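I have placed the structure first, in the form of structure tokens, so that the comments after it can refer back to it.
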Amino acid sequence: MGEMNKEQGVMARGFWDCFSCDENEMNPTPERLTGKIFSLLMSSRYSMPVLMRLTQYFTRRNMGILATICSRANEILNNFEHGIDPQIAEGVVFHHTGVVITGSAIVEEGVHIFSNVLLGTRNGNAPHIKQYAKLASHSVILGVTVGVKAIVAPGAVVVKDVPDGVVVAGVPAKIIGKVTDANYDF
Numbered sequence: 016m017g018e019m020n021k022e023q024g025v026m027a028r029g030f031w032d033c034f035s036c037d038e039n040e041m042n043p044t045p046e047r048l049t050g051k052i053f054s055l056l057m058s059s060r061y062s063m064p065v066l067m068r069l070t071q072y073f074t075r076r077n078m079g080i081l082a083t084i085c086s087r088a089n090e091i092l093n094n095f096e097h098g099i100d101p102q103i104a105e106g107v108v109f110h111h112t113g114v115v116i117t118g119s120a121i122v123e124e125g126v127h128i129f130s131n132v133l134l135g136t137r138n139g140n141a142p143h144i145k146q147y148a149k150l151a152s153h154s155v156i157l158g159v160t161v162g163v164k165a166i167v168a169p170g171a172v173v174v175k176d177v178p179d180g181v182v183v184a185g186v187p188a189k190i191i192g193k194v195t196d197a198n199y200d201f
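Residue numbers for the sequence shown follow the working numbering, so the first one is 16 and each next one is one higher.
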């Protein structure tokens with residue numbers, strides 16, 4: 016996919032694509048409509064990205080009230096706040112609820128986001144999370160870039176850019192090592 020920017024954005028091709036464009040091994044798309052409805056109500060891993068994609072879909076078609084309803088439903092059902100037109104690529108994996116992503120953040124494909132992660136602005140800058148990064152539970156990323164396949168440890172507060180392929184931890188976050196096959200698979 017390469018670099019993603021605000022102009023490119025992410026947009027499901029059609030209404031029904033909103034229900035399947037974030038499918039992955041941990042979040043298979045139900046085949047039947049009844050399964051999709053059940054999963055929307057019972058599975059946050061399924062409903063978080065679907066409601067987010069529906070928000071994008073309706074926003075980009077100037078259907079603001081429907082976009083607001085989907086965004087608010089995501090806040091109520093999943094404790095997931097993401098703004099009205101999130102710049103979040105397909106294939107991002109939301110492992111748990113409690114995620115807050117500022118509206119101007121950019122999240123590229125294959126990123127894993129665990130519980131209670133905050134992507135916020137700092138000094139007017141929004142975070143840019145690059146491909147296959149992992150943001151562990153309770154991490155806070157403020158207005159910086161997190162590199163390709165980097166890992167942000169649980170509870171880390173990131174206020175400086177994170178290079179590709181490193182592990183950061185602490186408050187404020189510092190590099191504590193390189194990403195390996197052993198520590199990437201968690």
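Even for Gly, the Cβ is constructed at its ideal location relative to N, Cα and C.
Computed from a predicted model, the values in this text were never measured in an experiment.
For ALA184, the pairing in a beta bridge is given by DSSP as LYS189.
Pairing VAL174 with ILE99, the inter-Cα distance amounts to about 25 Å. Closest option to TRP31, judged by alpha-carbon separation, among GLU46, ILE80 and VAL159: GLU46. Non-local beta-carbon contacts of GLU38 in its own chain, meaning distances under 6 Å to residues more than five positions away in sequence, involve THR44 in chain order. Per DSSP, the beta bridge partners of VAL173 are ILE156. The shortest CA-to-CA distance from ASN94 to any of TYR72, PRO64 and MET78 is the one to PRO64.
Assignment of VAL107 by DSSP, reduced to helix, strand and coil, places it in the coil class.
Rounded to whole angstroms, the gap between the alpha carbons of ILE166 and ILE52 is 34 Å. By a beta-carbon distance limit of 8 Å, VAL177 contacts GLY162. Their separation comes to about 5 Å.
A straight-line Cα-Cα distance of about 33 Å links GLY118 and ALA197. Residue pairing of GLN102 in beta bridges, as defined by DSSP: ILE121. Contact between the stretch 77-86 and the stretch 103-111 is not established, with fewer than three Cβ pairs separated by less than 8 Å. Put simply, the backbone Cα of ASN89 is about 15 Å away from that of SER130. ARG87 sits in a helix when the DSSP states are folded into three classes.
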